[in-house]
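Presented below is the structure to which this report refers.
Number of protein chains: 2
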Amino acid sequence: MTTEKKIFKKIAQSKKARAGVITTAHGEIETPIFMPVGTRASVKTMWQEELEEMNAQIILGNTYHLYLRPGHELIEKVGAGLHGFMKWDRAILTDSGGYQVFSLSSMNKVTEEGVTFQSHLDGSRHLISPEKSMEIQRALGSDIVMNFDECPALPATKDRLRESMELTLRWAKRCRDYQLKDHQNLFGIIQGGLHHDLRTECMERLKEMNFEGFALGGLSVGEKNEEMVSFLDNFVHTMPEDKPRYLMGVGKPLDILNGIRAGIDMFDCVLPTRNARNGQFLTKGGPLNIKKERFKEDLLPPDPECNCKVCRKYSRAYIRHLFTVGEYLAGNMITYHNLYFYLQMTRDAREAIKADKFDEFYSSFYNSYTSNMWN
Amino acid sequence: MTTEKKIFKKIAQSKKARAGVITTAHGEIETPIFMPVGTRASVKTMWQEELEEMNAQIILGNTYHLYLRPGHELIEKVGAGLHGFMKWDRAILTDSGGYQVFSLSSMNKVTEEGVTFQSHLDGSRHLISPEKSMEIQRALGSDIVMNFDECPALPATKDRLRESMELTLRWAKRCRDYQLKDHQNLFGIIQGGLHHDLRTECMERLKEMNFEGFALGGLSVGEKNEEMVSFLDNFVHTMPEDKPRYLMGVGKPLDILNGIRAGIDMFDCVLPTRNARNGQFLTKGGPLNIKKERFKEDLLPPDPECNCKVCRKYSRAYIRHLFTVGEYLAGNMITYHNLYFYLQMTRDAREAIKADKFDEFYSSFYNSYTSNMWN
Numbered sequence: 001m002t003t004e005k006k007i008f009k010k011i012a013q014s015k016k017a018r019a020g021v022i023t024t025a026h027g028e029i030e031t032p033i034f035m036p037v038g039t040r041a042s043v044k045t046m047w048q049e050e051l052e053e054m055n056a057q058i059i060l061g062n063t064y065h066l067y068l069r070p071g072h073e074l075i076e077k078v079g080a081g082l083h084g085f086m087k088w089d090r091a092i093l094t095d096s097g098g099y100q101v102f103s104l105s106s107m108n109k110v111t112e113e114g115v116t117f118q119s120h121l122d123g124s125r126h127l128i129s130p131e132k133s134m135e136i137q138r139a140l141g142s143d144i145v146m147n148f149d150e151c152p153a154l155p156a157t158k159d160r161l162r163e164s165m166e167l168t169l170r171w172a173k174r175c176r177d178y179q180l181k182d183h184q185n186l187f188g189i190i191q192g193g194l195h196h197d198l199r200t201e202c203m204e205r206l207k208e209m210n211f212e213g214f215a216l217g218g219l220s221v222g223e224k225n226e227e228m229v230s231f232l233d234n235f236v237h238t239m240p241e242d243k244p245r246y247l248m249g250v251g252k253p254l255d256i257l258n259g260i261r262a263g264i265d266m267f268d269c270v271l272p273t274r275n276a277r278n279g280q281f282l283t284k285g286g287p288l289n290i291k292k293e294r295f296k297e298d299l300l301p302p303d304p305e306c307n308c309k310v311c312r313k314y315s316r317a318y319i320r321h322l323f324t325v326g327e328y329l330a331g332n333m334i335t336y337h338n339l340y341f342y343l344q345m346t347r348d349a350r351e352a353i354k355a356d357k358f359d360e361f362y363s364s365f366y367n368s369y370t371s372n373m374w375n
Numbered sequence: 376m377t378t379e380k381k382i383f384k385k386i387a388q389s390k391k392a393r394a395g396v397i398t399t400a401h402g403e404i405e406t407p408i409f410m411p412v413g414t415r416a417s418v419k420t421m422w423q424e425e426l427e428e429m430n431a432q433i434i435l436g437n438t439y440h441l442y443l444r445p446g447h448e449l450i451e452k453v454g455a456g457l458h459g460f461m462k463w464d465r466a467i468l469t470d471s472g473g474y475q476v477f478s479l480s481s482m483n484k485v486t487e488e489g490v491t492f493q494s495h496l497d498g499s500r501h502l503i504s505p506e507k508s509m510e511i512q513r514a515l516g517s518d519i520v521m522n523f524d525e526c527p528a529l530p531a532t533k534d535r536l537r538e539s540m541e542l543t544l545r546w547a548k549r550c551r552d553y554q555l556k557d558h559q560n561l562f563g564i565i566q567g568g569l570h571h572d573l574r575t576e577c578m579e580r581l582k583e584m585n586f587e588g589f590a591l592g593g594l595s596v597g598e599k600n601e602e603m604v605s606f607l608d609n610f611v612h613t614m615p616e617d618k619p620r621y622l623m624g625v626g627k628p629l630d631i632l633n634g635i636r637a638g639i640d641m642f643d644c645v646l647p648t649r650n651a652r653n654g655q656f657l658t659k660g661g662p663l664n665i666k667k668e669r670f671k672e673d674l675l676p677p678d679p680e681c682n683c684k685v686c687r688k689y690s691r692a693y694i695r696h697l698f699t700v701g702e703y704l705a706g707n708m709i710t711y712h713n714l715y716f717y718l719q720m721t722r723d724a725r726e727a728i729k730a731d732k733f734d735e736f737y738s739s740f741y742n743s744y745t746s747n748m749w750n
């Protein structure tokens, strides 16, 4: 069994919210942190230079997509991993491929060995096992590697969730036994739906395997938002103090706010990039849909309180025009702002935690965001 | 009749090729110059910051497209013109709308008054007359305004070309009589197909109207390339020495090289932006299509001799992957490089002219480009 490495240092706490530093071979990550999603070795429409300029400290890559195209062997061969391939020198987290195998592929079939599935691209057949997921992530050379876990379809009975958890735990052991590269850190994924007892059991048994960090999977997958918030409030503070806590695939700005309040350190979500393609700016005053007629002659920047390079210079009227006629630059600008907004939000939260004023920050952000002033 | 302003100063000549400076209210333009095409108030996929960083000195906006969407009144109202609307502080040239009226709209009908046409977007009916084109370009506030001219369908008989030229001359007079803004400069467009005598007559009669510059229209529209080159070689040096010479809508890198050799100062073309969308890099060694299998594991930059931010950092293998999976960033990177390549080519030509070594530059560029080493 691999010995765990200590990669997290807590530097401040404000009620349950915490600020810390994660140390990786590709730089330090100041938490709480949002991780832009770079599915196919690109955070949609963004240059790596732009991610650096907005001070993204870690991005996410998708094992499933990169395995299918261009293939992890090619990435290892020509780039010695994802960092070199895409020229991103800061930290990278890769997911295990599990989520996409279940959500994107067809004909997936789960056995003790792993998951057999057909590619969503060409129908070709593949098996991803815990070992295969580790092999791919090892080749990608990410700084944080995720366990290969089963993601049961929801709604599911408690029995089904327990069965899935047991399989996930057996797979976790196999992942832990796989030899990754020296600089890589492996996170265990806690499953168990909204059942506090299942989640706790899963966590306790994962703790025995000495993972470098813990993630919460299977949230924001259809349950009511208040159920997730309540679960996080009750559960997160019971997770190990000295390890990073990652809430996978979550979420909207207020979800992240609630996650931070509960003690989560790391977040990722496609929302800021995906919603950009529908014309949605995420702002301090709530979402703003640039398509609306009312912005036609509006000279204000998208978010008057934002200091990003879009909001410092360009008007809603101009971006609305670009979006309306279908110019690429519109999606590019909205993506840039939205990612900046998420990163600024986590930076502001961190400062508030360090000043032990997270409650004030929470209320202020919550009230401003829910004022929904652009609707 | 408006009195002409002197906006051009020749600073060097090497055989017929010339280097100069065009002075506008939005900065000086060092010629020969390539003008990126920003059809709908955006040079496709480019931030204005990126155009500045590659030292674009003037861009082109399309009267026809901006008139239809978002409308010149809106641009004047919210931006006091195109500069303010799109936040571009350097020079802008707008075309007259004539070319698009003939090429994009349906049911266009030419009368003495102007051209009646149906929008290619919604079929709505419009009339663009010389006065209307000037009204639109006045509202857009471009630094260089183009005459509204007729673009006859080709091939055309000499009689048809003469008839069209006569109409263009009557329209030119109406454009010249229109009161533009003080900072605006009006260029006359010389038509006449490949007929030297028609072109000369058109130019002589335009000269009487005291335009601030002259453009050659109706080239690169289906004639043989050597016919255009030969025409340029014989004609351009007869154009006024003290005014800018603009070859409209041309062209491929070698067309621009030949244009400069003949004495042209200004060029525009959609090729570097449009071909980017098909995966074509334009390089010192000729075109390079990034889709090709042979670039799959190629660690070289797209153009090893280029110093742009793409070629300084990213590999063919990475960009090929991005293009293959359909990531926006691919088109973005190719566009950036291609525009940089065109601008660098005109900068290099300028330096060669100043050193009176244009012939050497011509041979060197020509031999390198036609080696077609990436095919």
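For the record, the sequence lines run as chains C and R.
For the first sequence, the positions run 1 to 375 when this note's numbering is used.
For the second sequence, the positions run 376 to 750 when this note's numbering is used.
Note that the Cβ used here is the ideal one computed from N, Cα and C, for glycine as well.
Annotation: the continuous beta strand (DSSP E) that includes residue 491 of chain R extends over 490-493. In this structure, residue 82 of chain C lies near residue 141 of chain C, with their beta-carbon atoms less than 8 Å apart.
Among the residues facing chain C, residue 669 of chain R is not included, as its CB has no counterpart in that chain under 8 Å away. Across the stretch 28-43 of chain C, CB contacts with chain R closer than 7 Å involve 40, 41, 42, in sequence order along the chain.
Among the residues of chain C, those whose CB is under 9 Å from the CB of residue 453 of chain R are 296, 297, 298, 299, 315, 317, 318, following chain order. The Cβ of residue 444 of chain R sits closer than 8 Å to at least one Cβ of chain C. Contact with chain R is absent for residue 107 of chain C, since none of that chain's Cβ atoms lies less than 8 Å from the residue's Cβ.
Not one beta carbon of chain R lies nearer than 8 Å to the beta carbon of residue 291 of chain C.
Short of 6 Å from the beta carbon of residue 436 of chain R, and not among the five residues preceding or following it, lie these beta carbons of its own chain, in chain order: 413, 457, 467, 469. Note that the C-beta distance between residue 598 of chain R and residue 569 of chain R is below 8 Å. Annotated as distal: residue 75 of chain C and residue 57 of chain C, with beta-carbon spacing of 8 Å or more.
Using a Cβ-Cβ cut-off of 9 Å, residue 699 of chain R is close to 69, 70 of chain C, given in chain order. C-alpha of residue 548 of chain R to C-alpha of residue 53 of chain C: approximately 51 Å in a straight line. Secondary-structure assignment with DSSP links residue 215 of chain C through a beta bridge to C:189, C:246. Residues 704, 705 of the same chain have their beta carbon placed closer than 6 Å to that of residue 697 of chain R, with the five preceding and five following residues left out of the count. Here residue 373 of chain C has 285, 286 as same chain residues with Cβ atoms under 8 Å from its own Cβ, once five neighbours each way along the sequence are excluded. For residue 93 of chain C, the enclosing beta strand (DSSP E) stretches over residues 91-94. A check of alpha carbon separations from residue 113 of chain C across C:106, C:121, C:119, C:126 identifies C:126 as the nearest. For residue 673 of chain R, same chain residues with a beta-carbon under 7 Å away, outside a window of 5 residues either side, are 690, 691, 692 in chain order. At least one beta carbon of chain R lies nearer than 8 Å to the beta carbon of residue 328 of chain C. The C-beta of residue 679 of chain R has fewer than 16 other C-beta atoms within 10 Å across all chains shown, which makes the residue exposed.
Identification of residues in the stretch 459-488 of chain R having a C-beta nearer than 7 Å to some C-beta of chain C yields 460, 461, 462, given in sequence order. Listed in chain order, the non-local C-beta contacts of residue 209 of chain C below 8 Å within the same chain comprise 1, 172, 173, 176, 188, local neighbours out to five positions each way being set aside. In terms of Cβ geometry, residue 33 of chain C and residue 266 of chain C form a close pair [threshold 8 Å]. Residue 741 of chain R and residue 629 of chain R have their C-alpha atoms spaced approximately 7 Å apart. Listed in chain order, the non-local C-beta contacts of residue 162 of chain C below 7 Å within the same chain comprise 198, local neighbours out to five positions each way being set aside.
The straight-line gap separating the alpha-carbon atoms of residue 333 of chain C and residue 240 of chain C is approximately 39 Å. For residue 687 of chain R, the secondary structure class from DSSP, reduced to helix, strand or coil, is coil.
Collapsing the DSSP output to three states places residue 444 of chain R in coil. Distance from the CA of residue 217 of chain C to the CA of residue 201 of chain C, rounded to the nearest whole angstrom, comes to 14 Å.
Against chain R, the CB of residue 47 of chain C has a partner CB under 8 Å away; the residue lies at that interface. Between residue 449 of chain R and chain C, the shortest Cβ-Cβ separation is below 8 Å. Counting along the chain, residue 84 of chain C sits inside the alpha helix (DSSP H) bounded by residues 82-86. Ranked by Cα distance from residue 269 of chain C, the options C:236, C:292, C:10, C:219 are led by C:219.
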